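*Asks:*
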Amino acid sequence: MFKQKLKHTLVVSTTIMAIQMAPQSFASDNASNASYHASQGSKYSALTIGDSAVAGAHVSTAVIAIPLAISGGLAMSAGSASVSIAESMMNATSNKPLPICEEVVIAGPPPSESL
Amino acid sequence: MRNFLSFVLVALSLHSAQVQAGSTQTGEPKFQPKEIAHFAKQVERYSAAKRAHVFVIARVGQPQDTLPKGVEFTHVALAVYSQITMANGEAKPGYAIHNLYQLHDDPAKSSLIIDYPTDFFWAVEDLKAGIAIPTLAVQKQLLEAINNDVPSKVHNPRYSLIANPFNNQTQNCTEHTLNIINAALYKTTNMAQLKANTKAYFDPQPLSVSPFKLLLGSVFRDEIYKKDHKGKVKIATFTTIKNYLAKHGLLAHSAILTPDMLSDVKKSEEI
Chain A
853 MFKQKLKHTL VVSTTIMAIQ MAPQSFASDN ASNASYHASQ GSKYSALTIG
903 DSAVAGAHVS TAVIAIPLAI SGGLAMSAGS ASVSIAESMM NATSNKPLPI
953 CEEVVIAGPP PSESL
Chain B
63 MRNFLSFVLV ALSLHSAQVQ AGSTQTGEPK FQPKEIAHFA KQVERYSAAK
113 RAHVFVIARV GQPQDTLPKG VEFTHVALAV YSQITMANGE AKPGYAIHNL
163 YQLHDDPAKS SLIIDYPTDF FWAVEDLKAG IAIPTLAVQK QLLEAINNDV
213 PSKVHNPRYS LIANPFNNQT QNCTEHTLNI INAALYKTTN MAQLKANTKA
263 YFDPQPLSVS PFKLLLGSVF RDEIYKKDHK GKVKIATFTT IKNYLAKHGL
313 LAHSAILTPD MLSDVKKSEE I
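Those sequence lines, one after another, are chains A and B.
Numbering-wise, the first sequence is residues 853 to 967 according to our numbering.
Numbering-wise, the second sequence is residues 63 to 333 according to our numbering.
1) Under a Cβ-count criterion, where at least 16 other Cβ atoms within 10 Å of its own Cβ denotes burial, should Tyr263 (chain B) be classed as buried or exposed?
2) Within 8 Å of any Cβ in chain B, is that where the Cβ of Gly908 (chain A) sits?
3) Could one say the Cβ of Ile318 (chain B) lies closer than 8 Å to chain A's Cβ atoms, at least one of them?
4) Name, please, each residue of chain A whose Cβ falls closer than 8 Å to the Cβ of Met323 (chain B).
5) In chain B, what lies closer than 8 Å to Pro968 (chain A) by C-beta?
6) Under 8 Å between C-beta atoms, does Thr251 (chain B) make it to chain A?
7) Which residue wins for smallest C-alpha separation from Leu336 (chain B), given the options B:Asn259, B:Ala111, B:Pro213 and B:Phe93?
8) Identify which residue in B:Ile243, B:Glu285, B:Leu189 and B:Phe117 has its Cα closest to the Cα of Asn234 (chain B).
9) Just to confirm my understanding: we take Thr128 (chain B), look at its own chain, exclude 5 residues before and 5 after, and list those with CB closer than 6 Å. What are they?
10) Tyr221 (chain B): which of B:Tyr163, B:Phe93, B:Ala170 and B:His160 sits nearest, CA to CA?
11) Per DSSP, what kind of secondary structure is Lys154 (chain B) in: helix, strand or coil?
12) Assign His291 (chain B) to buried or exposed, taking buried as 16 or more other Cβ atoms, counted over all protein chains shown, within 10 Å of its Cβ.
13) If I follow the unbroken beta strand (DSSP E) through Pro919 (chain A), where does it start and stop?
14) Leaving out five residues on either side along the sequence, give the residues of the same chain with a beta carbon under 8 Å from the beta carbon of Phe117 (chain B).
15) Using only alpha-carbon positions, find the residue among B:Met253, B:Ile146 and B:Thr180 that is nearest to Ile119 (chain B).
16) Under the DSSP definition of a beta bridge, which residues are partnered with Met253 (chain B)?
17) Run through chain A and tell me which residues come within less than 7 Å of Asp177 (chain B), C-beta to C-beta.
18) CA-CA distance, Thr250 (chain B) and Thr239 (chain B)?
19) What's the call for Ser172 (chain B), buried or exposed, on a 16-neighbour Cβ count within 10 Å?
20) Can you give me the C-alpha to C-alpha distance between Ala344 (chain B) and Ile918 (chain A), rounded to a whole angstrom?
21) Based on DSSP bridge pairs, tell me the residues matched to Thr147 (chain B).
22) Taking Cβ-Cβ distances shorter than 7 Å, what residues in chain A pair up with Ala120 (chain B)?
23) So Ser144 (chain B) contacts chain A; which residues on that side make the cut at Cβ distance below 7 Å?
24) What would DSSP say about Arg107 (chain B), mapped onto helix, strand or coil?
25) To the nearest angstrom, how far is it from the Cα of Gln80 (chain B) to the Cα of Gly279 (chain B)?
26) Taking DSSP as the reference, what is the three-state secondary structure of Asn279 (chain B)?
27) Report yes if the C-beta distance between His166 (chain B) and Asp881 (chain A) is below 8 Å; otherwise report no.
28) Return the chain-ordered list of same chain residues with a C-beta closer than 6 Å to the C-beta of Ala114 (chain B), the five sequence neighbours on each side being excluded.
29) Using a 10 Å radius around the Cβ and a threshold of 16 neighbouring Cβ atoms, would you call Ile146 (chain B) buried or exposed?
30) Looking only at its own chain, which residues have a Cβ that is under 6 Å from the Cβ of Lys154 (chain B), when we skip the five neighbours before and after it?
31) Based on the DSSP secondary-structure assignment, which residues constitute the bridge partners of Leu50 (chain B)?
32) Looking only at its chain, what residues have a beta carbon closer than 7 Å to the beta carbon of Gly908 (chain A), apart from the 5 residues adjacent to it on each side?
33) Have a look at B:Leu174, B:Thr299, B:Pro268 and B:Leu223 and flag the residue whose alpha-carbon is nearest the alpha-carbon of Arg283 (chain B).
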């Protein structure tokens, strides 16, 4: 009887230890799922409505992002999908900051939700 | 016995819930949305001031004191200066972030997803970003690689949180980022070649988690796969990628950005 109890206690203890000691400290931080995408709507609301809203800035939902090419002696390869914009803005030898839009941009819902 | 099994199942589900709490993409924001959006925009402006077209970006998704020694960030991706077309048809310049994200409903799998700085920092534990900007020549090669769909070509959807960067059995966000960098540098997507070069020149971070904990983790969590490691577990991190670029003369600038530092860019901590 005692042996059985001891065995049971040991099994339970080991399991609890296993659960507690699994490398939780290394929890993943890059999960993506449907609920994340579905939450884009609530994210938009959080950014635009109420006290937590971003004052004085538009919030926009992105549809697509196309990398911009580096110009000024570093030409992109032929057939590149990158978009070239004015040399004055993108010249690799310039010291001016690259232009950044004022909008707060967030990703849209996944394609499956557009059906 | 039935009671015991029930206990185990309940305990495991509780553990799972705790683990997911650290999975910031699915969590609630810990900061005011306007603070997150402001910080994200500050990081963009800082990087734009450095004229960065492509750079490595990292965030913190769980309390610093819970991270293993040597691991400062929990998610790494590439930020790419892009023309972003909005839902209203307008096109504006900004950074798009090219991520490998673990699937929530299938933790041992991942997919490639583009989001934007406010999305990226939405559920972080700290408003803190790691950035590593490669030299312009490397950025040009990275852009070419991205335009040639290299990120997909070097993606292995079999996910492990502690993926070994020296082989392609499993992959995490950091290893994928390293794969893209090496594929761009060597102009190849031949995985055997990429891994041989990584082994020769990249110094990974040994993981200071006890073998017992790792063993238990690999038993209880699908996304912790230990079999691709021989001996001590070593992983790619933001810092080891930054060091790799620096060691080989491929790093133009790196910094750890926080709101305080960004309020006075001169305070930005050079690393």
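Where is the CB? At the ideal position from N, CA and C, for every residue including glycine.
Keep in mind the model is a prediction, meaning the values are calculated, not measured.
*Replies:* With the structure as the only source:
1) Here residue 263 (chain B) corresponds to residue number 201 of the second sequence, with the count starting at 1. It is exposed - the Cβ of Tyr263 (chain B) has fewer than 16 other Cβ atoms within 10 Å.
2) Working through the first sequence from its first residue, we reach residue 908 (chain A) at position 56. By this cut-off, Gly908 (chain A) is not an interface position.
3) Taking the first residue of the second sequence as position 1, residue 318 (chain B) is located at position 256. So, not an interface residue.
4) Residue numbering aside, residue 323 (chain B) sits at position 261 when the second sequence is read from its first letter. Simply none; closest approach about 17 Å.
5) Limits of chain A in this structure are 853 at one end and 967 at the other, which puts residue 968 (chain A) out of reach.
6) Within the second sequence, residue 251 (chain B) is the residue found at index 189, counting from 1. Answer no: the Cβ-Cβ gap between Thr251 (chain B) and chain A never drops below 8 Å.
7) No information on residue 336 (chain B) is available, as it lies outside the stretch 63 to 333 that chain B covers here.
8) Taking the first residue of the second sequence as 1, we reach residue 234 (chain B) at position 172. Comparing Cα-Cα distances from Asn234 (chain B) to each of B:Ile243, B:Glu285, B:Leu189 and B:Phe117, the minimum goes to B:Glu285.
9) Here residue 128 (chain B) corresponds to residue number 66 of the second sequence, with the count starting at 1. Within the same chain, Thr128 (chain B) has no close Cβ partners at all.
10) Position 159 of the second sequence, counting from 1, holds the residue named residue 221 (chain B). Closest by alpha carbon: B:Ala170.
11) As a position in the second sequence, residue 154 (chain B) is number 92, starting the count at 1. If DSSP states are grouped into helix, strand and coil, Lys154 (chain B) belongs with the strands.
12) Taking the second sequence and counting its residues from 1, the one referred to as residue 291 (chain B) is at position 229. That one is buried.
13) Start at 1 with the first residue of the first sequence, and residue 919 (chain A) comes out as number 67. Taken as a continuous stretch (DSSP letters only), the beta strand (DSSP E) holding Pro919 (chain A) covers Val911 to Pro919.
14) On the second sequence, residue 117 (chain B) is found 55 positions in, with the first residue counted as 1. Closer than 8 Å at the Cβ level, and outside the excluded window around Phe117 (chain B), lie Ser109, Leu140, Ala141, Ile193, Ala194, Ile195, Pro196 and Gln201.
15) In the second sequence, the residue the question calls residue 119 (chain B) occupies position 57. Comparing Cα-Cα distances from Ile119 (chain B) to each of B:Met253, B:Ile146 and B:Thr180, the minimum goes to B:Thr180.
16) Against the second sequence, residue 253 (chain B) aligns to sequence position 191. Looking at the DSSP assignment, Met253 (chain B) forms no beta bridge with any residue, so it has no partner.
17) Position 115 of the second sequence, counted from the start, is the residue given in the question as residue 177 (chain B). Within 7 Å Cβ-Cβ: Ala959.
18) What you label residue 250 (chain B) is simply residue 188 of the second sequence in a count that begins at 1. What you label residue 239 (chain B) is simply residue 177 of the second sequence in a count that begins at 1. When rounded, the distance between both Cα atoms is 15 Å.
19) For the purposes of this step, residue 172 (chain B) is taken as the residue at position 110 of the second sequence. By the 10 Å Cβ count, Ser172 (chain B) comes out buried.
20) Residue 344 (chain B) lies beyond the range of chain B shown here (63 to 333); nothing can be said about it.
21) The count along the second sequence starts at 1 and reaches residue 147 (chain B) at position 85. According to DSSP, Thr147 (chain B) bridges with A:Ile916 and B:Ala153.
22) For the purposes of this step, residue 120 (chain B) is taken as residue 58 along the second sequence, with counting starting at 1. Here the premise fails: no neighbours, minimum Cβ distance about 10 Å.
23) For the purposes of this step, residue 144 (chain B) is taken as residue 82 along the second sequence, with counting starting at 1. Per Cβ cutoff of 7 Å: Ala917, Ile918, Pro919 and Leu920.
24) To locate residue 107 (chain B), count along the second sequence from 1; it is residue 45. Correct three-state label for Arg107 (chain B): helix.
25) As a working mapping, residue 80 (chain B) is identified with position 18 in the second sequence. As a working mapping, residue 279 (chain B) is identified with position 217 in the second sequence. Here the model assigns Gln80 (chain B) a pLDDT of 35, short of 50, so the residue's position is not dependable, and the following value carries that caveat. When rounded, the distance between both Cα atoms is 14 Å.
26) In the second sequence, the residue the question calls residue 279 (chain B) occupies position 217. Before going on, a small fix: residue 279 (chain B) reads as Gly here, not Asn. The answer is helix: DSSP assigns Gly279 (chain B) an H, G or I state.
27) Walking along the second sequence from the start, residue 166 (chain B) turns up at place 104. Walking along the first sequence from the start, residue 881 (chain A) turns up at place 29. Their beta carbons are not under 8 Å apart, which means His166 (chain B) does not touch Asp881 (chain A) by this criterion.
28) Mapped onto the second sequence, residue 114 (chain B) falls at position 52. Cβ within range, chain order: Ile195.
29) As a position in the second sequence, residue 146 (chain B) is number 84, starting the count at 1. So Ile146 (chain B) ends up on the buried side.
30) Translated into the one-based positions of the second sequence, residue 154 (chain B) becomes position 92. Once the five neighbours on either side are set aside, the close Cβ partners of Lys154 (chain B) are Ile146.
31) Chain B is shown from 63 up to 333; residue 50 (chain B) falls before or after that span and cannot be answered.
32) Residue numbering aside, residue 908 (chain A) sits at position 56 when the first sequence is read from its first letter. Nothing listed; no residue qualifies.
33) By 1-based counting over the second sequence, the position of residue 283 (chain B) is 221. Of B:Leu174, B:Thr299, B:Pro268 and B:Leu223, the residue nearest in Cα terms is B:Leu223.
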